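Beneath this line is the structure, given in structure tokens, with notes to follow.
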Amino acid sequence: MDRPDVVELGGSPRGGRPGRSWPTWLPLVIVAGVVVALVVRNELAGHGSAQPRPAATPTPTAASPSPTTGPTSEPAQVVVSDVGHRLLGVTGRWELFARGASGVVRIELARGRVTTTAVPPLSSTGPVSFVVGRDWAVIRPLDRVAGYLVPDGKPARGLAAALDDVGPALPGPDDETLWVQGGSPGQTTMTLVGADGRPTGTSVRLPADANGFAEPDGTGRLMFYATGGVYLAGRSGVRRITSGVLVAVGPTRWVVRECDDRHRCATVVVDRNTGARRTLDVQVGQPYGPVGLISPDGSNAAFLENTQAGLVAAHLIDLASGTDRRLDVPVNQPYGDAAMAWSPDGRWLFIAGADGQLFPVDPATGRVHDLGVSLPPISQLAIRMPG
């Protein structure tokens, strides 16, 4: 090649007619074409044997519980509302919890703050246990359907396996534990567990003739009905409370209804520490639902009663004078479970009444007050003591 800008192609090897001159860009086009042809040939040759590239696997995401199948992709909603003032003039650090069909409401009265946590609808219309601990609330239906744990300020989630079973969940002796039922038919065992479902190593076996489910006694122990009356069970064993009917229970006293051999009956206040007994001049009718509650200071007893008209009435008994006052509070819960709660100082009695309303009652006057904030419909109540 004697000229750098010409490529001689097809010339005679014997020095014949000189080759044709071609443009300078043509070699580049030819080389590119060859490369493309080789690539296409290789692709076609390997098309029948090449394996497809696997699709990307989606990363699992955290899920919130569903009422029927457990997890769901939609987390429950937590809404915090600051009222801007104390509720009912409360200054103590105790808190009122309420549960309804839509979820759990945490009411910090001294701070004027209300936190509402949505909970999926339960797959049962039967009784439900509602227990509040140090920084959580447990919702456990007595049926074998899903229950929920509601941590403070966080979405609701499914219960641990040890908690998510048939039977009640009851408050334990401290704010970190609760009693859950287990065992086989005729051999019911109540086991003390944490909110994570882990056993603490403490359990109580109820006798074979125990009637119905165990109930809380107000101090973290258990009560049950069996042949001969009502019994108290705990770490120290079993002892009888009364051979009659238990009307109300509290940390310092019991109110019982007992009859002698001739069926002469009386309402009696029993001191839990000393066993001292005092008769009240008051007649108690047919109790409704779970046993009533005595205020922490031991001054008043509240209970629900079936009336002759087929209604449910809320009663308040002054345990010093024996005065029985029927409260002007409509109650229509089907079971009455956890429908009442006392403030730790005995200053307020809270009742979950008809149509899901909350009724704060001043026991000194029997007057119903306005909480001062709107709540969703509720049916169960619990108190969290200050830590």
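387 is the number that the working numbering gives the last residue of the sequence shown; the numbers go up by one with no jumps.
Even glycine gets a Cβ: it sits at the ideal position worked out from N, Cα and C.
Just so it is clear, the structure is predicted and the values come from calculations on it, not from any experiment.
Collapsed DSSP secondary structure at residue i in the structure displayed
{"i": "A354", "result": "helix"}
{"i": "P290", "result": "coil"}
{"i": "R326", "result": "strand"}
{"i": "A301", "result": "strand"}
{"i": "D362", "result": "strand"}
{"i": "W254", "result": "strand"}
{"i": "W136", "result": "strand"}
{"i": "P171", "result": "strand"}
{"i": "Q77", "result": "coil"}
{"i": "G372", "result": "coil"}
{"i": "L311", "result": "coil"}
Own chain, CB closer than 6 angstroms to residue i, minus 5 neighbours either side, in chain order
{"i": "P216", "result": "L170 and P171"}
{"i": "G322", "result": "L280, D281 and V282"}
{"i": "S295", "result": "W342 and G346"}
{"i": "G182", "result": "T189 and T191"}
{"i": "R326", "result": "A313 and H315"}
{"i": "P173", "result": "G220"}
{"i": "Y231", "result": "F224, V238 and R240"}
Cut-off 7 angstroms between Cβ atoms - residues of its own chain near residue i, not counting five sequence neighbours on either side
{"i": "R110", "result": "First, the amino acid is wrong: residue 110 is Ala here, not Arg. Contacts found: R86, V90, T91, G92 and R93."}
{"i": "R272", "result": "T252, R253 and W254"}
{"i": "G100", "result": "G356, P376, P377, I378 and S379"}
{"i": "P330", "result": "G353 and A354"}
{"i": "E108", "result": "E95"}
{"i": "P23", "result": "Residue confidence for P23 is low, a pLDDT of 46 falling below 50, so the modelled location carries little weight; the figure read from the coordinates is stated next. Excluding residues within five positions, none has a Cβ falling inside 7 angstroms."}
{"i": "R235", "result": "T202"}
{"i": "V270", "result": "R253, W254, V256 and R277"}
Rounded C-alpha distance that separates residue i from residue j
{"i": "L293", "j": "D324", "result": "14 angstroms"}
{"i": "N436", "j": "F303", "result": "No answer is possible for residue 436: the residues shown for the chain start at 1 and end at 387."}
{"i": "A276", "j": "V268", "result": "10 angstroms"}
{"i": "V373", "j": "R113", "result": "10 angstroms"}
{"i": "A156", "j": "P168", "result": "19 angstroms"}
{"i": "F350", "j": "M340", "result": "6 angstroms"}
{"i": "S129", "j": "D143", "result": "10 angstroms"}
{"i": "I139", "j": "D261", "result": "43 angstroms"}
{"i": "V166", "j": "T115", "result": "29 angstroms"}
{"i": "H369", "j": "L88", "result": "8 angstroms"}
{"i": "V132", "j": "S123", "result": "21 angstroms"}
{"i": "V80", "j": "A266", "result": "49 angstroms"}
{"i": "G103", "j": "V247", "result": "30 angstroms"}
{"i": "G229", "j": "W179", "result": "22 angstroms"}
heavy atom of the ligand SAM below 6 angstroms from residue i C-beta
{"i": "V256", "result": "The ligand SAM is not part of this structure, which contains no ligands at all."}
Nonlocal neighbours in the same chain, by C-beta distance under 8 angstroms from residue i, ignoring five residues either side
{"i": "A210", "result": "T188, F224, Y225 and A226"}
{"i": "Y300", "result": "Correcting the residue identity first, residue 300 is Asn in this sequence and not Tyr. Counting only Cβ-Cβ distances below 8 angstroms, and skipping sequence neighbours, we find I294, L316, I317, D318, L319, G346, L349 and P363."}
Paired residues, beta bridge with residue i - DSSP
{"i": "M340", "result": "I351"}
{"i": "D318", "result": "N300"}
{"i": "L280", "result": "T267"}
{"i": "M223", "result": "E215 and L232"}
{"i": "T177", "result": "G194"}
{"i": "L246", "result": "V256"}
CB of residue i within 7 angstroms of CB of residue j, strictly
{"i": "M385", "j": "P360", "result": "no"}
{"i": "V245", "j": "V291", "result": "no"}
{"i": "P120", "j": "W136", "result": "no"}
{"i": "G197", "j": "A146", "result": "no"}
{"i": "L358", "j": "L371", "result": "yes"}
{"i": "G285", "j": "E258", "result": "no"}
{"i": "W200", "j": "T177", "result": "A small correction: the amino acid at residue 200 is Thr; Trp does not occupy that position in the sequence shown. Closer than 7 angstroms, so yes."}
{"i": "T125", "j": "V78", "result": "no"}
{"i": "A233", "j": "V204", "result": "yes"}
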